[in-house]
Amino acid sequence: MDLSELTIVCITYDRPKFVARLIDYWKKNFYDAKIFILDGSNSRLSQKYLNTINTKSITYIHLKNQSIFKRYCEIKNILNTKYFQLVADDEIFLRSGVENCLNFLNKNHSYTACSGKMILFTPLLNKEVFAFSPYNLYSNENAIISERVKYWLQHSQPNTIYSISRSKNYLKILNEYVKFDENKFSKPENFLEELIEIGLAFQGKTKILDNLMWLRSVENERIGLGEDKDRPEETLFDNNNKEKKIFFDNFIENYLNNLDENFIGNELFSLKDEFYKRLNLIRDSKKKFLKKNFFGRFIFKFIPKKLKKIIRFYFRLNGLEIIKFLENNNKGIIFDREEITEVKKFIINFYNDNFYK
430 MDLSELTIVC ITYDRPKFVA RLIDYWKKNF YDAKIFILDG SNSRLSQKYL NTINTKSITY
490 IHLKNQSIFK RYCEIKNILN TKYFQLVADD EIFLRSGVEN CLNFLNKNHS YTACSGKMIL
550 FTPLLNKEVF AFSPYNLYSN ENAIISERVK YWLQHSQPNT IYSISRSKNY LKILNEYVKF
610 DENKFSKPEN FLEELIEIGL AFQGKTKILD NLMWLRSVEN ERIGLGEDKD RPEETLFDNN
670 NKEKKIFFDN FIENYLNNLD ENFIGNELFS LKDEFYKRLN LIRDSKKKFL KKNFFGRFIF
730 KFIPKKLKKI IRFYFRLNGL EIIKFLENNN KGIIFDREEI TEVKKFIINF YNDNFYK
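If you count the sequence shown from 1, you need to add 429 to reach our numbering.
Shown next, in the form of structure tokens:
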């Protein structure tokens, strides 16, 4: 299948060797897609890695020290294909899974986004790749718009953030997102995931196929989007940030109508009310989680990184070996053994190749 109508954008910061890994992977597997790397690192990607970009399909853009918010907004200036996918710099997407999603969207025009199944992977001690699947992605196919939006708001996990989406729908979301003021919201990127998920569910149905597509990495520490106080569930409840709350309340009340001026709201459905219900649930669950897991997290924090990997390897804390996991999974994940075997070799070679040291 030709991927010329797909644009892939990677938002990255200070992970040069993982960007280099992706470049190598893309050249072999996504040579016909349009790919952009938006790098906010202080230093430009090293020349030895840039020299590996020997195809016009991959474009590297160094946006020195620019915020994640500004790099997301840059997508508006480069997206001109029918389909779009946002990717992280240390994750791997299977071509077969992406092709399945594109085929689905081509045949089902009432859907705005499609993704395949996702697993977490981690290579340990440079010799094995383990996997497990704690997340349950779900299709959101209710014909009633408000019910689709409410259904996503009842969940706290990402669902379509890294899906294949229709560019026209994604651009409408970005046109609203750019209205956030960084002088008022120091980290407006904290709101992007919610706005994308809500916006895609509002504009159409979303689908999760049984075919494996997304290999989510746990190789690195998660990149923080500022302090906890910048998160919606904190900043919108802070009496010292009333200006933020006034702006956001007005924004979220008008968000759906701005995405579609012909949208006729339901007096029984208020996006603002439903959004705040979700934030309250997140606030409650965070308190319970911190209280329940404080001791274990506190102890594990001070264990040296190398020792952590050894503990995870020998005690199988990161699940089964990836192929064994997929063969024994009970989530109905469809996969190509040969394709996964090649990806596994690719990951292990990355950790044993001096080029990436």
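Just so you know, even glycine gets a beta-carbon here, dropped at the ideal spot from N, CA and C.
**OP:** Count the other C-beta atoms from every protein chain shown that fall within 10 angstroms of the C-beta of T484, then say buried if there are 16 or more, exposed otherwise.
**Re:** With fewer than 16 Cβ atoms within 10 Å of its Cβ, T484 is classed as exposed.
Subject >> The beta strand (DSSP E) enclosing G545, as first and last residue numbers >> reply: 540-553
**OP:** Pick out the complete beta strand (DSSP E) segments inside the stretch 623-709, 3 residues or longer, and give them in chain order.
**Re:** 634-646
Subject >> Within 8 Å, strictly: CB atoms of L621 and K546 >> reply: no
Original post:
So, is F784 buried or exposed, given that buried needs 16 or more other C-beta atoms within 10 angstroms?
Top reply: exposed
Subject >> For T510, the residue or residues it bridges with in DSSP >> reply: Paired residues: none, contrary to the question.
Original post:
Hey, would you say E605 sits closer than 8 Å to L629, going by beta carbons?
Top reply: no
Original post:
Quick one: Cα of N679 to Cα of L685, how far?
Top reply: Each residue's alpha carbon lies about 12 Å from the other.
Original post:
Near S585, which residues of its chain fall below 8 Å by C-beta distance, leaving aside the five closest residues on each side in sequence?
Top reply: R707, L710, I711, S714
Subject >> Other residues of its chain near D639: CB distance less than 8 Å, five sequence neighbours each side excluded >> reply: G545, K546, G761, I762, I763
Subject >> Buried or exposed by the 16-neighbour rule on C-beta atoms within 10 Å, applied to R524 >> reply: buried
Original post:
When burial is assigned at 16 or more other CB atoms within 10 Å of the CB, is P661 buried or exposed?
Top reply: buried
Original post:
Starting from T441 and walking both ways along the alpha helix (DSSP H), at which residues does that stretch end?
Top reply: Counting along the chain, T441 falls outside any alpha helix (DSSP H), though it belongs to the beta strand (DSSP E) covering 435-441.
Original post:
Can T436 and I466 be called in contact, C-beta distance under 8 Å?
Top reply: no
Original post:
Can you give the Cα-Cα distance for R473 and I573, rounded to whole angstroms?
Top reply: For the pair R473 and I573, the Cα-to-Cα distance works out to about 47 Å.
Original post:
Mind pulling the beta strand (DSSP E) runs of 3 or more residues that sit fully within the stretch 465-517?
Top reply: 487-491, 512-516
Subject >> As assigned by DSSP and simplified to three states, the class of S594 >> reply: strand
Original post:
Where does the unbroken alpha helix (DSSP H) through F764 begin, and where does it stop?
Top reply: Run containing F764: none; DSSP gives neither H nor E here.
Original post:
Apart from the five residues on each side of it in sequence, which residues of its chain come closer than 6 Å, Cβ to Cβ, to F724?
Top reply: Only weak support is given to the placement of F724: the predicted model assigns it a pLDDT of 47, under 50, and the question is left unresolved by the model.
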